[in-house]
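Colleague: Residue numbers (our numbering), protein chains in the order written: chain A, 100 to 396; chain B, 308 to 703. The beta carbon of each residue, even a glycine, is placed where N, CA and C say it ideally should be. Mind having a look at this structure? Questions to follow.
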Amino acid sequence: MLGDIGTLVLQGAMISAVYALIAIGFTMIFGVGGILNLAHGALIMAGAYLFAILVRETTVSWISIHPVIAFPLAVLGIAGLSWGLYQGLVRWVEENVVITFLATVVVAVASTELVIYWFGSSPIGMTLIGGAINLEPYGFNARPRYVEFAGFVVSWIVIGLLWYYITNTDDGRSILAASMSERGAQLTGVDLHSVRSKTWLIAGALAGIAGIFLGSTGSATPLMWLNPLALAFIIVVIGGIGSIKGSVIAAYFIGFLEQFTVTFIGQGFRGILSLVVLVLFLLLLPQGLYGREFVHD
Amino acid sequence: MISTILLFTTVLSTVSGRLDTAGSAVQRFAQTIGGTARRRVLLPIGRALDRLLAPVDRAFEPASNAYNRLLGPYFGAMTGLQFALILVSVVALLTAGVWAPAVGPLVGGGLLRTLALASIWAIFAMSWDIQSGYTGYISFGHSVLSGAAGYTTALLIVHVDPELSIWITGPLSVLAALVVGLLVALPTLRLEGPYFSLITFVAVLLFYRLTTAYGWLGGIPGFGDPDVFTWDPVVRYYYMVIPMLLIALALTFMARSNLGMILVAIRENEAAVSAAGINPTKFKIWSFALSSIPMGIGGVLLVGFTGNVDPDTFVIVDNSIEMIAMAVIGGMSSILGPLGGAFFFEFLNHQIFHGFSTPVRYLFLWGLVLLVLVFARDGLFRMIWHRLGAVRGESE
């Protein structure tokens, strides 16, 4: 029992760290542009596959880079992809919420077909860091892998940096301003278009990191974008749309809730409890934990 | 690690600035090209078309005038050309059993099968549209409704009596779709725009997980027990196309009535609707009911078409998005748009792109949908429809 709880805390903390990365990117784009990016899951998937291309000898025969170099390369690549998605598609339709919505979901579905076309539908495994530690001598019935620890650490470093960037640099504060009031931001000389481009870059980088860790702890599959997208939505609603602090807290809440369900109730109920919580929040506290009323302008 | 990530952020923001400048240059260039193309190519073609089609319009005008007097108030008025288009399409669909086997080999074969499938998807696309296209509450979860109907049929046959006739399972399945539709509608319609859409999206994922997690719902292989209606392709086609045409007729009638107008008003300005003393929630529930019933009928037809009820045919989220894609290609918030879009989509999928593998076909199709979303928001069929209506410079 004690071991179970220990495992729960350990695994919950690690998976929650990745969830937090996913949700922050999603909420930033919604907070700043009012755009729901349903292709966010596809970017996560792209991160996993790009990393797989870079590190595995078998995916593309002539590329095989050491994971430490491949990691930043893949993250940069996905950030660029996300930026390209904004510039190539979303900015042309962003004034119409419904069209943006449909366009990004079509991109997500098309990405599934593209992945199946290029890599087939079978899962692809990859490693960022190999190895695991055995905690059985310490009374835990768990073998957490080093990559899970790395995910936890990297997640917090990235969140810390992002927090610093947003609250302490002019560049970052313009993002914060745009998410509070677009007109107010414009009046103080913020270029909204470049702020939006920047949020897409940052969200892409976060999705890339999350994708690499999801791919390295599980594997990359053509449908791996579905669950992260649903999770991002649930977390963002609970945390409050546009709030980074709320996203982190809600990510840990949902991560632990899922781990709890898997450990004590059963694998089949994984998403159901989260959904119940989502519905409760939507009905009782629709603005979320740290949400604020949007300033209409 | 920290320094690497800081370096990224710096590099990323510099690069983004540079690329933005490049982007606006490309944009100017594209606008110039687009303007020239419009003046030099599209306008002359349009004028030539007008000259060709105007006599047809004139020829059909007496017929369309008679129609407008009799049925126009119920199903919408048409010009001569629009009337001709509808007449030709309906006659073509009703006589497809005769001509399709002959034409089929020219376009890859199996044309009747494609048309039958397109009829089912047209029902789905129209049902989606009467709810989502008209009210602006975009549902990503409509496949759950057809899934509810399909699974009800299968479960009745497997667990109650394998000999049950379609006259019992059919209505019960449609009822199940309606019940599920209202179950989704009641809690979610309190939500606005994106919240509503995403919760329907999560609902599909959940339903999919249920079908695979519980043995009594058949798991991944699903149920092979329901019988197909018939193996004869011609008869099968008529089983699909006639309900489709009836549903199209009924939905057009609804959409042209006050109900349709209120639904559009909800999309445009919900606050104004309630300020006018109309309860929007009541009408949103109506739109859901109006959408669930044909979804259920479509689900029953799909069981009769494939004879197999499984998550991949009925539930997966791609299905819901395919319905949306058809409505988008044809033109959202119209009834004939999604109908035309469904036939166009399926025709491309199964006849034109016949030789390609499934992922490639869908890549083409999703690409097409994106192009329509960006460049022709009103949809191809609505565009053609209005163009035909304006041939003699009457409307617009």
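Determine, for B/W673, whether the minimum Cβ-Cβ distance to residues of chain A falls below 7 Å.
Modeller: Output row for B/W673: interface = yes.
Colleague: Indicate the three-state DSSP secondary structure (helix, strand or coil) for A/F200 in the structure shown.
Modeller: Reduced to three states, the DSSP call for A/F200 is helix.
Colleague: From this set, A/I114, A/L184, A/L120, A/M225, which residue's C-alpha is nearest A/L137's C-alpha?
Modeller: Among A/I114, A/L184, A/L120, A/M225, the Cα nearest to that of A/L137 is on A/L184.
Colleague: When DSSP labels each residue in this structure, what does B/R697 get in the three-state scheme?
Modeller: In the sequence on display, residue 697 of chain B carries Ala and not Arg. It is coil, neither helix nor strand.
Colleague: Measure the C-alpha to C-alpha separation of A/M144 and B/V405 and round it to an integer number of angstroms.
Modeller: Whole-angstrom Cα-Cα distance: 48 Å.
Colleague: Taking only beta-carbon positions, decide if A/F312 is within less than 7 Å of chain C.
Modeller: No chain C is present in this structure, whose protein chains are A and B.
Colleague: In the structure shown, what three-state DSSP assignment does A/I223 receive?
Modeller: Strand at A/I223.
Colleague: Between which two residues does the alpha helix (DSSP H) containing A/H139 stretch?
Modeller: That run of the alpha helix (DSSP H) goes 139-154.
Colleague: Mind checking whether A/G429 and A/A202 have CB atoms under 7 Å apart?
Modeller: Nothing can be reported for residue 429 of chain A: it is not among the residues displayed for chain A, which extend from 100 to 396.
Colleague: Beta-carbon of B/L655 versus every beta-carbon of chain A: anything under 7 Å?
Modeller: Taking Cβ atoms only, chain A never reaches closer than 7 Å to B/L655, which makes this a no.
Colleague: By a C-beta neighbour count over all protein chains shown, 10 Å radius and 16 as the cutoff for buried, is B/H466 buried or exposed?
Modeller: B/H466 comes out exposed.
Colleague: Could you check whether the stretch 511-522 of chain B touches the stretch 466-480 of chain B, counting it as contact only if at least three pairs of C-beta atoms, one from each stretch, sit closer than 8 Å?
Modeller: Too few Cβ pairs lie closer than 8 Å, so no.
Colleague: Shorter than 7 Å from the beta carbon of B/V681 to some beta carbon of chain A?
Modeller: Yes, B/V681 counts as interfacial toward chain A.
Colleague: So, under 8 Å CB-CB, A/T298 and A/M113 are touching, yes? Tell me the CB distance rounded to an integer number of Å.
Modeller: Not really, about 27 Å apart at Cβ, beyond 8 Å.
Colleague: Flag this pair as yes or no: are the beta carbons of B/G602 and B/S434 separated by less than 7 Å?
Modeller: Just to set this straight, residue 602 of chain B is Met in the shown sequence, not Gly. Yes.
Colleague: So the candidates are B/I636, B/L675, B/P412, B/F652; which of them puts its Cα closest to the Cα of B/R689?
Modeller: The option with the nearest alpha carbon to B/R689 is B/I636.
Colleague: Compare the C-beta of B/P550 with all C-beta atoms of chain A and state if any pair is closer than 7 Å.
Modeller: Not closer than 7 Å to any Cβ of chain A, the Cβ of B/P550 fails to qualify, so no.
Colleague: For B/V481, would you say it is in contact with chain A, using Cβ-to-Cβ distances shorter than 7 Å as the test?
Modeller: Not an interface residue.
Colleague: Kindly confirm or deny that the stretch 620-632 of chain B and the stretch 444-453 of chain B touch, where touching means at least three C-beta pairs closer than 8 Å.
Modeller: Judged by Cβ distances under 8 Å, the stretch 620-632 of chain B makes contact with the stretch 444-453 of chain B, as three or more pairs qualify.
Colleague: Report the residues of the stretch 347-363 of chain B with a CB closer than 8 Å to any CB of chain A, ordered along the chain.
Modeller: Here the close residues number zero.
Colleague: Could you give the DSSP three-state label for B/V622: helix, strand or coil?
Modeller: Coil, per DSSP.
Colleague: Looking only at its chain, what residues have a beta carbon closer than 7 Å to the beta carbon of B/R420, apart from the 5 residues adjacent to it on each side?
Modeller: Closer than 7 Å at Cβ, skipping near neighbours: P540.
Colleague: Quick test of the definition: if touching needs 3 or more C-beta pairs under 8 Å, does the stretch 338-356 of chain A touch the stretch 371-378 of chain A?
Modeller: Contact between the stretch 338-356 of chain A and the stretch 371-378 of chain A is present, because at least three Cβ pairs lie under 8 Å.
Colleague: Compute the beta-carbon to beta-carbon distance between A/W217 and A/G303, rounded to the nearest angstrom, for a pair I have assumed lies under 8 Å.
Modeller: Contact flag wrong, Cβ pair sits at about 20 Å.
Colleague: Which partner residues does B/F530 have in the DSSP bridge list?
Modeller: According to DSSP, B/F530 bridges with B/V616.
Colleague: Leaving aside the five residues before and after B/D436 along the sequence, list all residues of the same chain whose C-beta is less than 8 Å from its C-beta, in chain order.
Modeller: The residues are A634, M639, S640, S641, I642, G644, P645.
Colleague: Is there a C-beta anywhere in chain A that falls below 7 Å from the one on B/V509?
Modeller: Taking Cβ atoms only, chain A reaches closer than 7 Å to B/V509, which makes this a yes.
Colleague: Indicate whether the contact test is met: 3 or more Cβ pairs, each with one atom in the stretch 674-688 of chain B and one in the stretch 644-659 of chain B, closer than 8 Å.
Modeller: As far as the Cβ criterion goes, the stretch 674-688 of chain B touches the stretch 644-659 of chain B, which means the pair count is three or higher.
Colleague: If you follow the alpha helix (DSSP H) that B/R516 is part of, which residue opens it and which one closes it?
Modeller: Looking at the DSSP string, the run of the alpha helix (DSSP H) that includes B/R516 is 500-520.
Colleague: In whole angstroms, what is the alpha-carbon distance linking B/A409 and B/G415?
Modeller: Using only the alpha carbons, I get a separation of about 12 Å.
Colleague: For the stretch 321-331 of chain A against the stretch 149-157 of chain A, are there 3 or more C-beta pairs whose distance is under 8 Å?
Modeller: No, the stretch 321-331 of chain A does not touch the stretch 149-157 of chain A.
Colleague: Comparing the C-beta of A/V205 with each C-beta of chain B, is any distance below 7 Å?
Modeller: Cβ-Cβ to chain B under 7 Å: yes for A/V205.
Colleague: Leaving out five residues on either side along the sequence, give the residues of the same chain with a beta carbon under 6 Å from the beta carbon of B/F431.
Modeller: Contacts found: G605, M630.
Colleague: Return yes when at least one heavy atom of the ligand FAD lies under 6 Å from the C-beta of B/N656, else no.
Modeller: In terms of ligand content, the structure shown is empty, and the ligand FAD therefore cannot be addressed.
Colleague: Using beta carbons (cut-off 7 Å, strictly below), is B/D625 in contact with chain A?
Modeller: Yes, because at least one Cβ of chain A sits closer than 7 Å to the Cβ of B/D625.
Colleague: Please list the partners that A/I215 has in chain B, where partner means a Cβ-to-Cβ separation under 7 Å.
Modeller: Within 7 Å Cβ-Cβ: P666.
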